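Participant:
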Amino acid sequence: MRTFFLVLTLALALIETLANGTAATGKSINDQLSLASANSIRELTVNQQSLMSKTTESILEGRQGEPEGDIINTSCDDPRITETGTYLVQDSFDVPTKLICVLEFGPGAYTVIQNRQDGSTDFYRGYNDYKAGFGEFDGGDYWLGLDRIHNITASGDYELFVLLEDFEKNVSFARYDSFSIGSSSDFYPILKLEGFSGPAGNSFDVVGGVLFSTYDLDLDNSEINCAVNNRGGWWYTECGDSNLNGLYLKGLTGGTTGMSWRTFRGPNYSLKKSRMMVKRKGPLKPSSTLQPDPTDGPVTEPATTLPPTDTTASVTD
């Protein structure tokens, strides 16, 4: 009997020891977990505050990060650009800008300064928008911006190529051997617009020095506000023969507010597509479907499409 009680006493002592040890171990684990959790929360809070600080600083300074994975090309003439498409280019701009480069009319590449193909972007805008540029620069409808157009045409001798398409799939073009505009301090006047050729006719026959006008800054040579009258922004002379930044109205209209080129389809026809592009002066070899006509009158071209806005497909209906 004494042996039984001795064994029982030893067993109870062992159980108590194990219990105390387990509690101590559990307390130690809980303490460690609590400490680790507190440290993680502090680290997360510090990281979040640092990230927020950097984001706020970026917004206040007006910085926009470069698109991830995009290569910054020197210009549309960069040898790495081998086909028509949308590219990030530095050119003579303050910051790299995405735009369309066209290589179908080689040698040399065209930089697209205005692209309209589906009416997805509103072009009836104020002076500041036309100055800075607007639209979908990644291959959509856009206006490059008067500042950028001035910078690029002031950096060398450039030609202007205007490519047009109506809703019957007729394509035509007008080419100007020399083109440049002035700076913002002079309200972006036409400095050069010479050497016209092309079957679309010369509907951009402006007088040198004509200023760019919008509905909120009337600088045209007319008694009325041509930008309001034509619902666009343009180098107007007496409200002019061209209105490529007019409303997207899809064909025949009852007025002159549409995207028009008088010598192609008339002032009352709103075109389907318009593309204005510039290139450093050099020999131009249009494709076989867009051969220049020796006459400068309006010509209806065979059905075709504009050069593609991406590297995989042509512009389609």
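Numbering (mature numbering (1 follows the signal peptide of the UniProt record, and there is no 0)), first residue to last: -19 to -1, 1 to 298. Note that CB positions come from ideal geometry on N, CA and C, so glycine has one too. On a predicted model such as this, the values are computed, not experimentally measured, just so you know.
Give me the Cα-Cα distance between Ser223 and Ser255, rounded to the nearest whole angstrom.
Facilitator: For the purposes of this step, residue 223 is taken as residue 242 along the sequence shown, with counting starting at 1. For the purposes of this step, residue 255 is taken as residue 274 along the sequence shown, with counting starting at 1. Using only the alpha carbons, I get a separation of about 12 Å.
Participant: Sort Pro170, Ser178, Asp199 and Pro180 by Cα distance to Val188 and report the nearest one.
Facilitator: Taking the first residue of the sequence shown as 1, we reach residue 188 at position 207. With distances taken between Cα atoms, Val188 lies closest to Pro170.
Participant: Does the region 161 to 180 touch the region 75 to 93, meaning 3 or more C-beta pairs lie closer than 8 Å?
Facilitator: no
Participant: Which same chain residues end up closer than 7 Å to Ile130 when comparing Cβ atoms and leaving out the 5 residues on each side of it in sequence?
Facilitator: For the purposes of this step, residue 130 is taken as residue 149 along the sequence shown, with counting starting at 1. Here the set comprises Ile94 and Ile162.
Participant: Roughly how many angstroms separate the alpha carbons of Glu64 and Ala90, rounded to a whole number?
Facilitator: Taking the sequence shown and counting its residues from 1, the one referred to as residue 64 is at position 83. Taking the sequence shown and counting its residues from 1, the one referred to as residue 90 is at position 109. Between the C-alpha atoms of Glu64 and Ala90 there is a straight-line separation of about 9 Å.
Participant: In this structure, how does DSSP classify Arg23 when only helix, strand and coil are distinguished?
Facilitator: For the purposes of this step, residue 23 is taken as the residue at position 42 of the sequence shown. At Arg23, the pLDDT of 43 sits below 50, so the modelled position is not reliable; the number obtained from the coordinates is stated separately. Residue state, collapsed to three classes: helix.
Participant: Can you tell me whether Glu204 is buried or exposed? The criterion is at least 16 other CB atoms within 10 Å of its CB, across all chains shown.
Facilitator: Taking the sequence shown and counting its residues from 1, the one referred to as residue 204 is at position 223. Looking at its Cβ environment, which holds fewer than 16 other Cβ atoms inside 10 Å, Glu204 is exposed.
Participant: Report the three-state DSSP secondary structure of Thr102 (helix, strand or coil).
Facilitator: Taking the sequence shown and counting its residues from 1, the one referred to as residue 102 is at position 121. Note: Thr102 maps to coil in three-state DSSP.
Participant: Tell me which residues share the same chain as Gly213 and place their Cβ nearer than 6 Å to its Cβ, disregarding the 5 neighbours each side in the sequence.
Facilitator: Mapped onto the sequence shown, residue 213 falls at position 232. Same-chain partners within the cutoff: Asn224, Asn226 and Gly227.
Participant: Excluding the 5 residues flanking Phe148 on each side, which residues of the same chain have their C-beta closer than 7 Å to its C-beta?
Facilitator: Within the sequence shown, numbered from 1, the residue matching residue 148 stands at position 167. Cβ within range, chain order: Lys231, Gly232 and Lys253.
Participant: Is the CB of Gly89 under 7 Å away from at least one CB in chain C?
Facilitator: Annotation note: the requested chain C is absent from the structure, which comprises a single protein chain.
Participant: So, for Ser159: in the same chain, excluding its five sequence neighbours on each side, which residues have a beta-carbon less than 6 Å away from its beta-carbon?
Facilitator: Position 178 of the sequence shown, counted from the first residue, corresponds to residue 159. Around Ser159: Lys173, Glu175 and Gly176.
Participant: Among Leu198, Glu219, Phe154 and Gly235, which has the Cα closest to the Cα of Trp242?
Facilitator: Position 261 of the sequence shown, counted from the first residue, corresponds to residue 242. Nearest option by C-alpha distance: Phe154.
Participant: So for Asn249, helix, strand or coil by DSSP?
Facilitator: As a working mapping, residue 249 is identified with position 268 in the sequence shown. Residue state, collapsed to three classes: coil.
Participant: Is Leu198 near Tyr108, with beta carbons less than 7 Å apart?
Facilitator: For this step, residue 198 is matched to residue 217 along the sequence shown. For this step, residue 108 is matched to residue 127 along the sequence shown. Judged by their CB atoms, Leu198 and Tyr108 are nearer to each other than the 7 Å cut-off.
Participant: For Asn11, which residues of its own chain have a beta-carbon under 7 Å away from its beta-carbon, when the five flanking residues on both sides are left out?
Facilitator: Position 30 of the sequence shown, counting from 1, holds the residue named residue 11. Reliability fails at Asn11, whose pLDDT of 48 lies under 50, so the model's placement of it is uncertain and no value is given.
Participant: Under three-state DSSP, which class holds Thr244?
Facilitator: To locate residue 244, count along the sequence shown from 1; it is residue 263. Three-state DSSP puts Thr244 in a helix.
Participant: What residues in its chain sit with their C-beta under 8 Å from that of Gly100, if we drop five residues either side in the sequence?
Facilitator: By one-based count along the sequence shown, residue 100 stands at place 119. The beta carbon of Gly100 sits closer than 8 Å to the beta carbons of Asp122, Tyr229 and Lys231 from its chain, once the five residues preceding and following it are set aside; these are given in chain order.
Participant: Using alpha carbons as the reference points, say which of Lys262, Thr238 and Met258 lies closest to Ser251.
Facilitator: For the purposes of this step, residue 251 is taken as the residue at position 270 of the sequence shown. When each option's Cα is compared against that of Ser251, the closest is Thr238.
Participant: Return the chain-ordered list of same chain residues with a C-beta closer than 6 Å to the C-beta of Arg156, the five sequence neighbours on each side being excluded.
Facilitator: Counting from 1 along the sequence shown, the entry for residue 156 is found at position 175. Closer than 6 Å at the Cβ level, and outside the excluded window around Arg156, lie Phe142, Ser178 and Gly179.
Participant: In its own chain, which residues sit with a C-beta less than 6 Å from the C-beta of Phe185, not counting the 5 before and 5 after it?
Facilitator: Indexing the sequence shown from 1 puts residue 185 at position 204. Counting only Cβ-Cβ distances below 6 Å, and skipping sequence neighbours, we find Ser223.
Participant: If I follow the unbroken beta strand (DSSP E) through Ile133, where does it start and stop?
Facilitator: The sequence position of residue 133 within the sequence shown is 152, counting from 1. Not the beta strand (DSSP E): Ile133 falls in the alpha helix (DSSP H), residues Leu127 to Thr134.
Participant: Under a three-way DSSP split, which group does Ser164 fall into?
Facilitator: Locating residue 164 in the sequence shown gives position 183, counting from the first residue. If DSSP states are grouped into helix, strand and coil, Ser164 belongs with coil.
Participant: By a C-beta neighbour count over all protein chains shown, 10 Å radius and 16 as the cutoff for buried, is Asp201 buried or exposed?
Facilitator: In the sequence shown, counting from the first residue as 1, residue 201 sits at position 220. Buried, by the Cβ-count rule.
Participant: Following the continuous beta strand (DSSP E) through Val209, name the residue where it begins and the one where it ends.
Facilitator: One-based indexing of the sequence shown puts residue 209 at position 228. Val209 -> not in any beta strand (DSSP E); alpha helix (DSSP H) instead, spanning Cys207 to Asn211.
Participant: At the level of alpha carbons, what is the spacing between Arg61 and Thr92?
Facilitator: As a first step, residue 61 is located in the sequence shown; it is residue number 80 there, counting from the start. As a first step, residue 92 is located in the sequence shown; it is residue number 111 there, counting from the start. The alpha-carbon atoms of Arg61 and Thr92 are separated by roughly 15 Å.
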